[in-house]
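Taking it in order: structure first as structure tokens, then the write-up.
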Amino acid sequence: MGTLGELQALPPAAVADRFGAAGLHALELASGGDGALRPRPPSEQVRESLELPEAASGIQLERALGLLIDRLLSRRERRGRTLRSVVLSAVLVELGGTWREQVSFREALADPERMRLALVPRLAQMPAPAEELRLAVERFGPPAVDQRALLSDPAAARATRLREAIRQARAAAGPDAALRVLTVDPDSRFPERRSVLAPFE
Numbered sequence: 033m034g035t036l037g038e039l040q041a042l043p044p045a046a047v048a049d050r051f052g053a054a055g056l057h058a059l060e061l062a063s064g065g066d067g068a069l070r071p072r073p074p075s076e077q078v079r080e081s082l083e084l085p086e087a088a089s090g091i092q093l094e095r096a097l098g099l100l101i102d103r104l105l106s107r108r109e110r111r112g113r114t115l116r117s118v119v120l121s122a123v124l125v126e127l128g129g130t131w132r133e134q135v136s137f138r139e140a141l142a143d144p145e146r147m148r149l150a151l152v153p154r155l156a157q158m159p160a161p162a163e164e165l166r167l168a169v170e171r172f173g174p175p176a177v178d179q180r181a182l183l184s185d186p187a188a189a190r191a192t193r194l195r196e197a198i199r200q201a202r203a204a205a206g207p208d209a210a211l212r213v214l215t216v217d218p219d220s221r222f223p224e225r226r227s228v229l230a231p232f233e
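The sequence shown begins at 33 in the numbering used here and counts up one residue at a time.
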């Protein structure tokens, strides 16, 4: 069998016995049949990029990332939605190639500080300095709802945000990411006994 005409001449039962559902579909196409068109929904391309004046690394990359996050969150196409996952990528200098990292947040975010906490550690995985940094939305989340009561306690609100920031930092960098200095024996002759590091609660 080498032509569509030869395929069309075969009995459907024989085609189904030999090739299954795929064979029957091919037979239908060879006979001029076709299914209903199902257009692919257009994808939303929401992305930002920043060319770096020189091969950047370290704190320069962190500042560039912060700028990209602010730009991405201010785009009209976001329409108040949160971000569930993003793609962080870069054009590398030394290797002449690109680097790409897909990041899914633990929960949908619209807070730039929490996004920085999740994305900054990924910059350490970049194999070479970058000449361009890019940030794109991979998937949107539900609309951001962050309305607080009119007479809410500012101290309680700050404490809640602080606990959430600590949780995000530990999720990104491990259990020792948020520590505090606890005074134990301030009058000790040995400096290492005067205070210790304890988990920040």
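Glycine included, C-beta positions come from ideal geometry on N, C-alpha and C.
These numbers come from a predicted model, not from an experiment.
Opening and closing residue of the alpha helix (DSSP H) in which residue i lies
i: Phe137; result: From DSSP, Phe137 is part of no alpha helix (DSSP H) but of the beta strand (DSSP E) over 130-141.
i: Arg113; result: No alpha helix (DSSP H) contains Arg113, which is instead part of the beta strand (DSSP E) from 113-124.
i: Arg103; result: 91-105
i: Leu59; result: 44-62
i: Ala41; result: 36-41
Other residues of its chain near residue i: CB distance less than 8 Å, five sequence neighbours each side excluded
i: Asp217; result: Arg225, Arg226
i: Ala53; result: none
i: Leu211; result: Leu229, Ala230, Pro231, Phe232
i: Leu214; result: Ser227, Val228, Leu229, Ala230
Beta-carbon gap between residue i and residue j smaller than 8 Å
i: Arg146; j: Gln92; result: no
i: Ala168; j: Gly112; result: no
i: Ala277; j: Leu151; result: With the chain represented from 33 up to 233, any question about residue 277 goes unanswered, as that position is not in the structure.
i: Glu80; j: Leu56; result: no
i: Ala58; j: Leu42; result: no
i: Glu94; j: Val125; result: no
i: Leu105; j: Pro161; result: no
i: Gly206; j: Arg148; result: no
i: Ala68; j: Leu84; result: no
i: Trp131; j: Pro174; result: no
i: Leu36; j: Ala62; result: yes
N- and C-terminal bounds of the beta strand (DSSP E) containing residue i
i: Pro231; result: 227-231
Per DSSP, the bridge partner or partners of residue i
i: Ser81; result: Arg166
7 Å Cβ shell around residue i - same chain, five flanking residues per side excluded
i: Gln134; result: Ser117, Val119, Glu170
i: Arg154; result: Leu120, Glu133, Val135
i: Leu183; result: Residue placement at Leu183 cannot be trusted, given a pLDDT of 48 that sits under 50; what the coordinates show is reported in the next sentence. Excluding positions up to five away in sequence, the list is empty.
i: Arg241; result: The requested residue 241 does not occur in the structure, where the chain is confined to residues 33 to 233.
i: Gly129; result: none
Own chain, CB closer than 6 Å to residue i, minus 5 neighbours either side, in chain order
i: Val78; result: Arg107, Glu109, Val169
i: Ala142; result: Thr114, Ala176
i: Gly90; result: none
i: Thr192; result: none
- Query: What are the uninterrupted segments assigned as beta strand (DSSP E) that are 3 or more residues long and contained completely in the stretch 145-223, given in chain order?
  - Reply: 162-175, 211-215
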